[in-house]
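Asker:
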Amino acid sequence: MIDLNQVSKRYKEKIVVDSVTIPIEKGKLTACIGPNGAGKTTLLEMVSRLVPKDTGEIYIDGGEIKSWKPGELAKKLSVLKQSNKFSMRLTIKELVSFGRFPYTKGRLNAHCHELIEQSLNQVGLFEIADQYIDTLSGGQLQRAMIAMVLAQDTDYILLDEPLNNLDMKYSVQLMDIIRKLVDGFGKTVITVIHDINFAAAYADNLIAMKEGEIFAAGPVEKIITQQNIKNIFDIDVEVIDRKGKKFVMYY
Ligand code: ADP
42 MIDLNQVSKR YKEKIVVDSV TIPIEKGKLT ACIGPNGAGK TTLLEMVSRL
92 VPKDTGEIYI DGGEIKSWKP GELAKKLSVL KQSNKFSMRL TIKELVSFGR
142 FPYTKGRLNA HCHELIEQSL NQVGLFEIAD QYIDTLSGGQ LQRAMIAMVL
192 AQDTDYILLD EPLNNLDMKY SVQLMDIIRK LVDGFGKTVI TVIHDINFAA
242 AYADNLIAMK EGEIFAAGPV EKIITQQNIK NIFDIDVEVI DRKGKKFVMY
292 Y
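Residues 42 to 292 in the working numbering are what the sequence shown lists, from first letter to last.
1) Look at the alpha carbon of isoleucine 234 and the alpha carbon of alanine 151, and state the distance between them as a whole number of angstroms.
2) Between serine 128 and isoleucine 273, what straight-line distance do the alpha-carbon atoms span, to the nearest angstrom?
3) Asparagine 125 to valine 61, Cα distance in whole Å?
4) Using the Cβ count rule (16 or more neighbours within 10 Å means buried), how would you classify glycine 104?
5) Run through the DSSP bridge pairs and tell me what lysine 251 is partnered with.
6) Of all the options Thr132, Ser212, Gln267, which has the alpha carbon lying nearest to the alpha carbon of aspartate 175?
7) In this structure, how does DSSP classify glutamate 54 when only helix, strand and coil are distinguished?
8) Is DSSP giving glutamine 159 helix, strand or coil here?
9) Between the stretch 144-162 and the stretch 221-234, do at least 3 Cβ pairs fall closer than 8 Å?
10) Which term fits serine 138, buried or exposed, when burial requires 16 or more other beta carbons within 10 angstroms of its beta carbon?
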């Protein structure tokens, strides 16, 4: 369980996350939605300690994030950031191997090799694992980054815009992988996602943010309503119910 209590962040005069209090259910897929600039990335960055919060507390399995040692936190929680720049010349396999660093400090054991191979297979990069990452397409690099997160094999997985650069096939594949991580392996996944229909189709819970605050949070079926979408994104949509799933028609 991740628990946020009155968490705030400001950049200069601007409050970008404003006293957010929310429990994030363990063993579920929670999607964070909302317009650009709502504070979604900042919220994820604070949970993963990539940026410090100004006020409030964030508990992961009961321990405030300040009390987690970096090495221990890296075994508990992994994070896929939005943009990744590398100055090192690395192969895909070497990059994915970094996911095992918190456990082995670079000395890969048999279990590591197994997880690395499995992660590469899951994202469809096994065949080109020895290719250098500076030769990859945006979508391939994104999948390599995801494989690194999978290899880290943590209870909590934070993903910021994981569908960035992915075509329809790989978007569906990745969402299926994420669902399997939750349903089959008991992982807790929190993901920022722009495509409202991917969020609605795959997530258990939604957190809708607007102007640094939580506008609405709860199970998908409760949050995806015409009025909520209008209030969150300021657009008129139609919400369709099909085979028990919600679809937002926005064009
Ligand atoms: P979202 O992920 O919902 O698009 P962000 O968390 O990225 O929103 O950003 C929220 C607000 O905080 C935006 O107005 C953004 O410009 C601002 N912001 C984010 N990071 C920084 C930073 N490092 N310095 C100054 N302002 C920032």
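For glycine and all other residues, C-beta sits at the position ideal for the given N, C-alpha and C. Note that this is a predicted model, so its numbers are computed, not measured.
Answerer: In brief:
1) Spanning the two alpha carbons is a distance of roughly 34 Å.
2) 38 Å
3) If you take the alpha carbons of asparagine 125 and valine 61, they lie about 27 Å apart.
4) exposed
5) Glu254
6) Nearest C-alpha to aspartate 175: Thr132.
7) The answer is coil: DSSP assigns glutamate 54 none of H, G, I, E or B.
8) helix
9) Verdict: no, contact absent.
10) buried
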